[in-house]
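Chemist:
Numbering (my numbering), first residue to last: 37 to 171.
1. If distances are taken between C-alpha atoms only, which option among 128, 143 and 140 comes closest to residue 149?
2. Closest to residue 54 by CA distance: which of 45, 120 and 101 is it?
3. Looking only at its own chain, which residues have a Cβ that is under 6 Å from the Cβ of residue 69, when we skip the five neighbours before and after it?
4. Return helix, strand or coil for residue 87, following the three-state DSSP convention.
5. Please classify residue 107: does DSSP put it in a helix, a strand, or coil?
6. Suppose the cutoff is 8 Å on Cβ atoms and the five residues either side in sequence are ignored; what does the same chain contact list for residue 110 look like?
7. What span of residues does the alpha helix (DSSP H) with residue 55 cover, start to end?
8. Using the Cβ count rule (16 or more neighbours within 10 Å means buried), how would you classify residue 145?
9. So, at 6 Å on beta carbons, what are the nonlocal neighbours of residue 165 in its own chain, with the 5 sequence-adjacent residues on each side left out?
10. Where does residue 64 fall in DSSP's three states?
11. Using only CA atoms, which one of 42, 130, 50 and 37 lies nearest to residue 84?
12. Can you tell me whether residue 94 is buried or exposed? The criterion is at least 16 other CB atoms within 10 Å of its CB, across all chains shown.
13. Where does residue 47 fall in DSSP's three states?
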């Protein structure tokens, strides 16, 4: 992803970094999270986000890659609601870390899973209803 970071004197510079998508989720080691503190602790996270004018999940990627110089690694085991989940074969589903759901190309993007948990045991398994704000 490319963004323009605000600098002193109302100047900007273009920066590029990997987008840590919150929809799919991401993992950070405790050590890395602790190193993020100068840009992510308390109000500093909001200030960092404002400096690049991007949402929180993009800000995580910016801090990790641009401030700390740590390369984020893509994992095919995390899945966003922005990708077509029906492309996952049933045998691959148990190996995945996250399966986000939502609207994709104006259709509900979810996977029907039978057996693992009932909706009483896991209410989040019930058929998701799109928010009226999405229409």
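The beta-carbon is built from N, C-alpha and C at its ideal position, and this holds for glycine as well.
Owing to the predicted nature of the structure, the values given are computational and were not obtained by experimental measurement.
Modeler: The answer reads as follows:
1. 128
2. 101
3. none
4. helix
5. coil
6. 54
7. Where residue 55 is concerned, there is no enclosing alpha helix (DSSP H), given that its DSSP letter is neither H nor E.
8. buried
9. Confidence is the limiting factor: at residue 165 the pLDDT is only 48, short of 50, which leaves the residue's position unreliable and the question unanswerable from this model.
10. coil
11. 42
12. buried
13. strand
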